[in-house]
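Participant: Numbering (full-length UniProt numbering), first residue to last: 1 to 534. For each residue, glycine too, the CB sits at the ideal point set by N, CA and C. These numbers were taken from a predicted model, which means no experiment stands behind them. Have a look at this one before I ask anything.
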Amino acid sequence: MKDTKQTSGAGGEPHQATRGAGRPTLTTNQGLAVADNQNSLKIGGRGPSLLEDFVLREKITHFDHERIPERVVHARGAGAHGYFECTKAMGHVTKAGFLSEVGRKTETFTRFSTVAGSKGSTDLARDVRGFATKFYTDEGIFDLVGNNIPVFFIQDAIKFPDLIHSVKPEPDRNFPQAASAHDTFWDFASLNTETTHMLMWAMSDRAIPRSLRMMEGFGVHTFRLISAEGESVLCKFHWKPKLGLASLLWDEAVKISGADSDLTTKDLWQAIERGEYPEWELGLQLFTEEQADGFDFDVLDPTKLVPEELVPVETVGRMVLNRNPDNVFAETEQVAFCPSHVVPGIGFTNDPLLQGRLFSYLDTQISRLGGPNFHELPINRPRCPFANDQRDGIGRHEVNKGRVAYDPSSLQADKPLENPRLGYESFPEPLSGEKRRRRAEAFADHYTQARLFWVSQTEPEQDHIVAAFTFELGMVDTPEIRTRMVANLRNVDEGLAKRVASGLGIALPAASKPARPAGEVEPSPALSILENAE
Ligand code: HEM
């Protein structure tokens, strides 16, 4: 009788059999050794290929499904493995273990990205850069999903689809690169004056970094740290590059984009291969609710930053990126960051943009990564044990053992149980108020920090901002949009608006309304067009 336990390949040789020079044998996905990977199965030398050829069919079928949807934003990215090392123990403000002890190291994976372009677009676009880091802590995964600019375009998540639809190619034409979407983006921006502060940064040298190794990173929103005693402080996260900040000139960016549009992706990879490991300091701005109440802006408004003169940045650690991905698809492409991945000791505030983000990432990843089990992929798996009653679904790898998948249960002694001592606790922030669609009064000031940014720039930097506004608005075909944008810039700085108007060859329009009266409900942009026309 044949040995039914046999695990060997053809002729009884084991699977691991090598073929010359120690190279592994090519097999199908079922582990069957492939005899000929050059020719499909045919009748005779010139006959038709046979449907029976399961080796051909498996290979082609797999190839046919190689692509997954690219990210709806931040599609083009470059990633690297590394580690975070705590350099200042922060146990007095947060119970997060990875920040609790000097010298403690935590594995990380970071992905840098542009925002608007598709996966194959140029690295040299004038754009915000994403800066997302996954900390594989022993208390679970903490994702710091930030950008290289400390503020954002909009104040409320409900506007994010509009912002992104305005910046992506227009639906009725296919011009996916630079010249597309100028009218739509600037139409949106000029009608939503809350974008002004971010626009100043986006038109500055910050939006064309020389290298991913020479960019700052920011968590943008105000977060919360929570101590073991249950006390809370507010917190902004900052990454500061050891190499310092450096940007390209626009003319350089345009030329390089034509000649070598993968510049910054390649630069990161090559530096790590050479052993020149890029490094960032992690800094925290910590402040109390009482301090925040005294600021003349709202810390829940993501279009505002907390000036370092008000709250200095405290360095608490360093991150070193020291290993390139082995496989860009498996790691950089399949990595799934999410702002709601936090660990005990880190919490959220009611920033209305952050609150929407807490929902969006897991939701989009279910379509991008095909079902609810992508947390099991090697790049996304927590490095600490994880166990719960979630079951099944497309792509399930875990072979859950045992009889029950519900809670509570008395039928299985080793079933995972909630843990009030170690478990994540949200900060018990007392809240009250009417349920309404409105924003806090301070959200209505759209220009003060934009002006602060403008005056903080050196003369050459200001020249670059003027040139960028002039170039970008010069690509806009609709005259009213250019005029409306310059009208808004008059509220930032008269000189800036005059220079942009002159560069565009248009008359200086009257300034738009600088701010809404305190407490007025944010009107729809449609109303503001009517008001400004009056
Ligand atoms: C990626 C949504 C605001 C930083 C993404 C993705 C979505 C998204 C759907 C794709 C995720 C994926 O497919 O894995 C939103 C929404 C926002 C918002 C709804 C506002 C309501 C922001 C802000 C920042 C930011 C303010 C910076 C602080 C990033 C980064 C990525 C990303 C860095 C790329 C992560 C990676 O490299 O995989 N965002 N986003 N986003 N977002 Fe946001």
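DSSP three-state call for Asp138: helix, strand or coil?
Facilitator: In the sequence shown, the residue the question calls residue 138 occupies position 138. In the structure shown, Asp138 sits in a strand (DSSP, three-state: E or B).
Participant: From Gly371, Thr364, Gln457, Leu124, pick the residue whose C-alpha is nearest to that of Trp250; which is it?
Facilitator: Taking the first residue of the sequence shown as position 1, residue 250 is located at position 250. Ranking the options by Cα distance to Trp250, first place goes to Leu124.
Participant: Taking the alpha carbon of Ser204 as the reference point, which residue from Pro312, Phe223, Ser232, Ser247 has its own alpha carbon closest?
Facilitator: Here residue 204 is taken as the residue at index 204 of the sequence shown, counted from 1. Checked all of Pro312, Phe223, Ser232, Ser247; the closest Cα to Ser204 is Ser247.
Participant: Rounded to a whole number of angstroms, what is the C-alpha to C-alpha distance between Gly103 and Met319?
Facilitator: Start at 1 with the first residue of the sequence shown, and residue 103 comes out as number 103. Start at 1 with the first residue of the sequence shown, and residue 319 comes out as number 319. Between Gly103 and Met319, the C-alpha separation is close to 12 angstroms.
Participant: Return the CA-CA distance between Leu369 and Asn380, expressed in angstroms with no decimal places.
Facilitator: Here the question's residue 369 lines up with position 369 in the sequence shown. Here the question's residue 380 lines up with position 380 in the sequence shown. Taking the straight line joining both Cα atoms gives about 11 angstroms.
Participant: May I ask you to report which of helix, strand or coil DSSP gives Asn373?
Facilitator: What you label residue 373 is simply residue 373 of the sequence shown in a count that begins at 1. Coil.
Participant: Based on Cα-Cα distance, which residue from Phe471, Thr28, Gln291 lies nearest to Gly503?
Facilitator: Here the question's residue 503 lines up with position 503 in the sequence shown. Out of Phe471, Thr28, Gln291, Phe471 has the C-alpha closest to the C-alpha of Gly503.
Participant: Give me the Cα-Cα distance between Ile394 and Glu376, rounded to the nearest whole angstrom.
Facilitator: What you label residue 394 is simply residue 394 of the sequence shown in a count that begins at 1. What you label residue 376 is simply residue 376 of the sequence shown in a count that begins at 1. About 12 angstroms.
Participant: May I ask you to report which of helix, strand or coil DSSP gives Glu281?
Facilitator: Working through the sequence shown from its first residue, we reach residue 281 at position 281. Of the three classes helix, strand and coil, the one that applies to Glu281 here is strand, per DSSP.
Participant: In chain order, what residues of the same chain lie with their CB nearer than 7 angstroms to the CB of Pro514, ignoring the 5 residues before and after it?
Facilitator: Position 514 of the sequence shown, counting from 1, holds the residue named residue 514. Tyr447, Asn491, listed in sequence order.
Participant: Tell me the DSSP bridge mates of Tyr83?
Facilitator: Residue 83 sits at position 83 when you count from the first residue of the sequence shown. Looking at the DSSP assignment, Tyr83 forms a beta bridge with Glu107, Val320.
Participant: Decide yes or no for the touch test of the segment 330-349 against the segment 383-391: beta carbon pairs closer than 8 angstroms, at least 3 of them.
Facilitator: The answer is no - the segment 383-391 does not touch the segment 330-349, with fewer than three Cβ pairs under 8 angstroms.
Participant: State the start and end residues of the unbroken alpha helix (DSSP H) segment that holds Lys240.
Facilitator: Numbered from 1 along the sequence shown, position 240 holds the residue referred to as residue 240. Taken as a continuous stretch (DSSP letters only), Lys240 belongs to no alpha helix (DSSP H), being part of the beta strand (DSSP E) at 232-241.
Participant: Measuring alpha carbon to alpha carbon, tell me which residue in Ala440, Arg111, Gly47, Phe84 is nearest Leu268.
Facilitator: Residue 268 sits at position 268 when you count from the first residue of the sequence shown. Nearest C-alpha to Leu268: Arg111.
Participant: Extract the residue ranges of the beta strand (DSSP E) inside the segment 120-205, only unbroken runs of 3 or more that lie entirely within it.
Facilitator: With a minimum length of 3 residues, the continuous beta strand (DSSP E) runs that stay inside the segment 120-205 are 129-137, 140-147.
Participant: Assuming Leu358 contacts Gln449 (C-beta within less than 8 angstroms), just tell me the rounded distance between them.
Facilitator: Along the sequence shown, one-based indexing puts residue 358 at 358. Along the sequence shown, one-based indexing puts residue 449 at 449. Wrong, their Cβ atoms sit about 25 angstroms apart, outside the cutoff.
Participant: Run through DSSP, which three-state label would Gly217 get?
Facilitator: Taking the first residue of the sequence shown as position 1, residue 217 is located at position 217. Strand.
Participant: Report the option in Leu422, Tyr136, Val167, Pro241 whose CA atom is closest to the CA atom of Thr315.
Facilitator: The residue you call residue 315 lines up with position 315 of the sequence shown. It is Pro241.
Participant: Do His111 and the ligand HEM come close, with the Cβ less than 7 angstroms from some heavy atom?
Facilitator: Sequence index remark: in the sequence shown, residue 111 carries index 111 (1-based). For clarity, residue 111 is Arg in the given sequence; the question names His instead. Yes - the ligand HEM has a heavy atom lying nearer than 7 angstroms to the Cβ of Arg111.
Participant: Using three-state DSSP, classify Arg224 as helix, strand or coil.
Facilitator: Within the sequence shown, the letter at position 224 stands for residue 224. In the structure shown, Arg224 sits in a strand (DSSP, three-state: E or B).
Participant: Taking its Cβ as the centre, do 16 or more other Cβ atoms sit within 10 Å of Thr4, making it buried, or is it exposed?
Facilitator: Walking along the sequence shown from the start, residue 4 turns up at place 4. Interpretation of Thr4 is limited by its pLDDT of 39, a score under 50 that renders its predicted location unreliable; no figure is taken from the coordinates.
Participant: Do you know offhand how far Ala35's Cα is from Leu26's?
Facilitator: Your numbering for residue 35 matches position 35 in the sequence shown. Your numbering for residue 26 matches position 26 in the sequence shown. Their Cα atoms are separated by approximately 8 angstroms.
Participant: Just checking my contact of Ser113 with Gly77 at CB under 8 angstroms: how many whole Å lie between their CB atoms?
Facilitator: Taking the first residue of the sequence shown as position 1, residue 113 is located at position 113. Taking the first residue of the sequence shown as position 1, residue 77 is located at position 77. So it is a contact: roughly 4 angstroms between Cβ atoms.
Participant: Closest to Asp493 by C-alpha separation, out of Met475, Ser512, Gly505, would be which residue?
Facilitator: Along the sequence shown, read from residue 1 onward, the residue named residue 493 stands at position 493. For Asp493, the nearest C-alpha among the options comes from Ser512.
Participant: Taking the alpha-carbon of Ser166 as reference, which of Phe185, Lys159, Ile158, Ile149 has the nearest alpha-carbon?
Facilitator: Locating residue 166 in the sequence shown gives position 166, counting from the first residue. The shortest C-alpha separation from Ser166 is found at Phe185.
Participant: Assuming contact is defined by CB atoms lying nearer than 8 angstroms, are Ala132 and Phe348 in contact in what I supplied?
Facilitator: Translated into the one-based positions of the sequence shown, residue 132 becomes position 132. Translated into the one-based positions of the sequence shown, residue 348 becomes position 348. Taking 8 angstroms as the Cβ cut-off, Ala132 and Phe348 do not qualify as a contacting pair.
Participant: Is the separation between the beta-carbon of Ala271 and that of Ile208 shorter than 8 angstroms?
Facilitator: In the sequence shown, counting from the first residue as 1, residue 271 sits at position 271. In the sequence shown, counting from the first residue as 1, residue 208 sits at position 208. Taking 8 angstroms as the Cβ cut-off, Ala271 and Ile208 do not qualify as a contacting pair.
Participant: When you measure from the CB of Pro241 to every non-hydrogen atom of the ligand HEM, does any distance come out below 7 angstroms?
Facilitator: Here residue 241 refers to the residue found at position 241 when the sequence shown is read from its first residue. The answer is no for Pro241.
Participant: Examine the ligand HEM and report whether any of its heavy atoms sits within less than 7 angstroms of the Cβ of Gly146.
Facilitator: By 1-based counting over the sequence shown, the position of residue 146 is 146. Yes, Cβ of Gly146 sits closer than 7 angstroms to a heavy atom of the ligand HEM.
Participant: Determine the direct distance from the alpha carbon of Pro312 to that of Leu284, and round the result to whole angstroms.
Facilitator: By one-based count along the sequence shown, residue 284 stands at place 284. By one-based count along the sequence shown, residue 312 stands at place 312. Going by the C-alpha atoms only, they are around 8 angstroms apart.
Participant: What does DSSP give as the partner residue(s) for Leu286 in the beta ladder?
Facilitator: For the purposes of this step, residue 286 is taken as residue 286 along the sequence shown, with counting starting at 1. Partner(s): Cys235.
Participant: In whole angstroms, what separates the C-alpha of residue 564 from that of Lys266?
Facilitator: Lying outside 1 to 534, the shown extent of the chain, residue 564 is not represented and no answer is given.
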